[in-house]
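Okay, structure first, notes after.
Residue numbers (our numbering): 505 to 614.
Have a look at this one:
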């Protein structure tokens with residue numbers, strides 16, 4: 505009977521060690537999973553921050569582009585106004601030339 509009790513105790517000790525080993529292994533697995541989760545969470549946080557930074561950068565670029573577009577339109581309007589003014593001057597100068605030619609022509613005829 506003592507032998508059976510010793511074997512039984514030995515079997516339960518062995519079972520206990522096996523269970524402790526499994527618990528230890530599972531704790532290691534859990535620890536690795538938690539580390540992986542933390543790493544992924546940090547990556548996600550960094551990616552979200554990067555997305556927000558890029559969105560802000562794009563918004564700023566759009567504002568800059570809109571300002572450049574406004575300045576370009578103003579410059580085009582100014583150039584168009586200058587062209588009209590030059591055309592008016594050329595027309596006036598052309599008329600003066602015609603008037604002078606007519607006067608010279610009259611003077612020669614007289």
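Beta carbons: idealized from backbone N, C-alpha and C, even for Gly.
CA-CA distance, residue 537 and residue 520?
-> If you number the chain shown from 1, residue 537 lands on position 33. If you number the chain shown from 1, residue 520 lands on position 16. Roughly 25 Å between the two C-alpha positions.
Check: How long is the line joining the alpha carbons of residue 573 and residue 540, rounded to whole angstroms?
Finding: Counted from its first residue, the chain shown places residue 573 at position 69. Counted from its first residue, the chain shown places residue 540 at position 36. Computed Cα separation, rounded: 48 Å.
- [ ] Taking only the alpha-carbon atoms, compute the straight-line gap between residue 530 and residue 554 and give it to the nearest angstrom.
- [x] For the purposes of this step, residue 530 is taken as the residue at position 26 of the chain shown. For the purposes of this step, residue 554 is taken as the residue at position 50 of the chain shown. Answer to the nearest angstrom: the Cα atoms are 36 Å apart.
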